[in-house]
Structures are given as C-alpha cells and as structure tokens.
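Under the working numbering, the first residue of the sequence shown is numbered 21, with each subsequent residue one higher. Glycine is no exception: its CB is placed at the ideal position from the N, C-alpha and C atoms. To start, the structure under review is shown below, and the notes come after it.
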Amino acid sequence: MREIVVFSGSAHPALAAQICDQLGVPLSQTEIKRFSNDCLQAQLLANCRQRDVYIVQPLVPPTQEHLMELLLMIDAARGASAAQITAVIPHYAYARSDKKDASRISLGGRLVADLISTAGAHRVLTMNLHAPQVHGFFSVPVDHLTALGVLADHFRGTDLSNSVVVSPDLGNAKEATQFSRLLGLPVAAGSKQRKSDDKVVIDSIVGDVRGKRAIVLDDEIATGGSIVELLDRLADFGVTEAAVACTHGLFSGNAVERLRGHPMVSQIVTTDTVPAPGRWPELQVRTVSGLFAEAIKRIHAGESVSILFDGVDPTHAPPQGSLFDRVGG
21 MREIVVFSGS AHPALAAQIC DQLGVPLSQT EIKRFSNDCL QAQLLANCRQ RDVYIVQPLV
81 PPTQEHLMEL LLMIDAARGA SAAQITAVIP HYAYARSDKK DASRISLGGR LVADLISTAG
141 AHRVLTMNLH APQVHGFFSV PVDHLTALGV LADHFRGTDL SNSVVVSPDL GNAKEATQFS
201 RLLGLPVAAG SKQRKSDDKV VIDSIVGDVR GKRAIVLDDE IATGGSIVEL LDRLADFGVT
261 EAAVACTHGL FSGNAVERLR GHPMVSQIVT TDTVPAPGRW PELQVRTVSG LFAEAIKRIH
321 AGESVSILFD GVDPTHAPPQ GSLFDRVGG
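Okay, here's the thing in structure tokens:
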C-alpha cells in the first residue's frame with residue numbers, strides 16, 4: 021500500500037500535528053516563502069512521488085493568504101507526482117458564499133471549490149459546511165464530516181434536566197434536531213433575519229423554551245452577533261441560562277468580550293477546526309483530530325467513511341427507518 025504523507029500550511033499546524041499523532045506518521049515539513057513583490061511560494065520538504073498526500077489547511081483569517089498557501093501546496097504535490105492529493109480543510113470559510121441573494125454578486129463557495137480542483141486536488145475532506153448545497157460545488161469527491169458527536173460527548177453525562185437544544189435560525193434546525201436526538205432533548209429554533217454581515221434580528225422563537233436551560237448550537241461563530249441576539253431573545257422568553265456549542269469558533273472582532281461578559285452564558289464549547297483565541301482560558305475546546313485521522317485511514321484503505329459523517333450514533337439515537345419501513349412496504 022502507498023505511504024501516507026501529511027503536510028500543513030501555516031493556518032493550524034497544531035491540528036495537523038495531532039492528526040499525525042493519531043495516524044502514527046510524522047508531520048512532513050513545508051516551507052512557505054514570501055518574495056519581495058509579495059508573492060508566495062510553497063515547497064514540500066518530503067518525497068511525494070506515488071504517495072497519498074494530505075494537506076491540512078483550514079481557511080481562517082487571513083483567509084486569502086491561507087487559501088493561496090493551500091493552492092500552492094496542492095500544485096507542488098501534483099508537480100511532485102503524488103498518487104493522490106487530498107485537501108483537508110477543517111473549516112471551509114467560503115461555504116457562506118453559497119447563493120445569489122443580490123444582483124451581480126459573486127459565488128465564492130463555487131469559485132474556491134473550482135480553484136482547489138484545478139490546482140490538482142483529487143479529493144476534499146472537510147467538516148460542517150455552512151450549507152449542504154456547498155458539497156455540490158466541488159467537481160471532486162468530498163467527505164463531509166460532522167462534529168455533532170464530539171460536541172454531544174461534551175454534554176452527555178452532565179445534568180441535562182429541563183434543557184432544550186436551540187438553533188439560532190431555521191436553516192440550522194436540521195443539525196440542531198440531530199444534536200437533540202443524540203442528547204435525548206427537545207429542540208427549538210430562532211426566526212432570524214440577517215440585516216448585514218454582523219447584524220441580525222431574531223423576532224420569535226419556535227418551540228417551548230420557557231423556564232428551561234438552553235444549549236445553543238451553531239455551525240460557526242464569527243462576531244457572535246447572532247448568538248448574542250438569540251441569548252437576549254431567550255431571556256425574554258424565560259430561559260434561565262444557556263450553554264453555547266459550535267463547530268467553528270472563529271470569535272473574530274469583539275466576539276470574545278461580547279460572549280465572556282454575557283450574563284446568560286454558562287459555558288462555551290467549540291472544536292479545534294480553527295485555532296482557539298489565546299485570551300480565553302474559560303473556552304472549552306474539543307479536538308476533532310481523531311475524526312480526521314480515522315477518515316484519512318479509511319480513505320487510504322479504500323474503506324467507507326460514511327459512518328463518520330452520518331451524524332447520529334445508533335448507540336444513543338437509532339436512525340429513522342427508510343421510507344419503505346414507514347409505509348409498511
């Protein structure tokens with residue numbers, strides 16, 4: 021079987037190192053240079069010929085820099101005769117640019133997907149895309165992992181009495197429902213209107229939350245505007261406290277200050293798909309390195325990866341039957 025070679029860009033080398041520890045392989049070195057004209061150059065410092073190459077690079081700020089690094093590393097691996105190149109993108113930032121909701125607007129999610137495949141990637145391994153249709157933007161196979169099981173493990177075994185899972189918006193309600201099944205809890209959702217990138221209005225809550233403790237689940241927290249708005253509305257509806265859980269904890273701008281100081285927040289838990297802010301010791305970070313390592317092992321061995329992204333552990337929440345089971349045929 022071909023050897024596995026793992027490289028990392030500068031976005032999140034700590035996660036890449038953890039994935040390599042789980043795989044039992046070394047993290048191969050990469051050299052990124054910047055020329056005097058501000059152009060980047062990437063050099064992979066390990067043999068790639070006829071090897072399975074995995075390049076770990078979440079698209080986190082500075083996003084454009086890290087995207088260009090990824091493209092250059094993919095191109096370098098292709099030029100070095102790699103047998104298969106997998107772009108491991110724990111956070112695909114451009115997933116939020118997934119629809120034409122204004123005149124003459126770009127679709128960054130589709131464009132960046134095209135750039136990655138054109139650079140030479142044969143496969144993409146990612147986690148919790150902002151919207152499921154982004155999966156279809158790629159012309160190469162995509163393995164789309166979920167962190168729901170990791171986040172559920174954080175809460176499982178704690179006191180969940182009188183708790184409810186709450187999604188900030190109806191678009192994320194399916195994920196919240198899956199998460200609530202893992203924990204055996206009811207689910208509710210906010211009705212959200214986005215006014216700008218960092219300004220939203222939540223005018224109502226769908227579901228029974230009065231007098232309950234909330235577990236707010238979101239895929240990504242950037243400025244924290246949606247979460248703060250939701251927490252304020254939940255307080256109006258009689259929620260006593262709220263834990264906040266998300267997959268991609270970017271916490272940009274003044275998000276740390278807004279969330280640390282909010283009286284409703286009992287705890288905040290995220291994963292290490294992106295680097296955690298250094299000035300927040302109370303933040304609880306769960307690693308997804310084991311999931312990515314297992315996915316890489318299965319891809320390398322030609323085995324099914326679906327058990328890792330189906331999202332529901334049958335031990336805790338048996339999946340619903342097929343359509344034929346439900347209609348008795």
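Residue i and residue j closer than 8 Å at C-beta
{"i": "GLN198", "j": "LEU168", "result": "yes"}
{"i": "TYR112", "j": "THR146", "result": "yes"}
{"i": "ALA242", "j": "ALA262", "result": "no"}
{"i": "SER56", "j": "VAL26", "result": "no"}
{"i": "SER137", "j": "VAL154", "result": "no"}
{"i": "ILE52", "j": "GLU89", "result": "yes"}
{"i": "VAL170", "j": "ARG318", "result": "no"}
{"i": "GLY269", "j": "VAL294", "result": "yes"}
{"i": "GLU236", "j": "VAL264", "result": "Here the sequence assigns Val to residue 236, which means Glu is not the residue at that position. Contact: yes."}
{"i": "ALA31", "j": "GLN77", "result": "yes"}
{"i": "ASP256", "j": "GLU195", "result": "no"}
{"i": "ILE247", "j": "LEU279", "result": "yes"}
{"i": "HIS86", "j": "GLY140", "result": "no"}
Member of the options whose CA lies at the smallest distance from the CA of residue i
{"i": "LEU43", "options": "ALA315, SER326 and LEU149", "result": "ALA315"}
{"i": "ARG130", "options": "THR267, SER117 and VAL45", "result": "SER117"}
{"i": "LEU173", "options": "VAL162, ILE94, SER200 and LEU91", "result": "In the sequence on display, residue 173 carries Asp and not Leu. Comparing Cα-Cα distances from ASP173 to each of VAL162, ILE94, SER200 and LEU91, the minimum goes to SER200."}
{"i": "ASP292", "options": "SER28, PRO110, VAL162 and ASP58", "result": "PRO110"}
{"i": "SER224", "options": "PRO188, ASN192 and LEU203", "result": "PRO188"}
{"i": "GLY191", "options": "THR290, VAL144, VAL185 and ALA151", "result": "ALA151"}
{"i": "GLY310", "options": "ALA37, SER28 and VAL80", "result": "ALA37"}
{"i": "LEU135", "options": "LEU92, ASP163 and ALA100", "result": "LEU92"}
{"i": "GLY128", "options": "GLY99, VAL162, THR83 and ALA100", "result": "THR83"}
For residue i, three-class secondary structure by DSSP
{"i": "VAL294", "result": "coil"}
{"i": "THR243", "result": "coil"}
{"i": "TYR74", "result": "strand"}
{"i": "SER286", "result": "strand"}
{"i": "VAL308", "result": "coil"}
{"i": "ARG69", "result": "strand"}
{"i": "ALA275", "result": "helix"}
{"i": "LEU303", "result": "coil"}
{"i": "GLU23", "result": "coil"}
{"i": "GLN63", "result": "strand"}
{"i": "CYS40", "result": "helix"}
{"i": "ALA209", "result": "strand"}
{"i": "ALA234", "result": "strand"}
Exposure label - residue i; buried when at least 16 CB within 10 Å
{"i": "LEU65", "result": "exposed"}
{"i": "ALA34", "result": "exposed"}
{"i": "SER183", "result": "buried"}
{"i": "ASN67", "result": "exposed"}
{"i": "ARG124", "result": "exposed"}
{"i": "THR178", "result": "exposed"}
{"i": "ARG253", "result": "buried"}
{"i": "LYS232", "result": "buried"}
{"i": "CYS59", "result": "exposed"}
{"i": "ALA321", "result": "exposed"}
{"i": "ALA122", "result": "exposed"}
CB contact check: residue i to chain C, cutoff 8 Å
{"i": "GLU195", "result": "Included in the structure is just one protein chain, with no chain C present."}
Check your understanding: Using 8 Å as the threshold, is the region 236-251 in touch with the region 268-285, meaning 3 or more CB pairs across them?
Key -> The region 236-251 vs the region 268-285: in contact.
- Query: Taking contact to mean at least 3 C-beta pairs separated by less than 8 Å, is the region 68-79 in contact with the region 100-107?
  - Reply: Contact between the region 68-79 and the region 100-107 is present, because at least three Cβ pairs lie under 8 Å.
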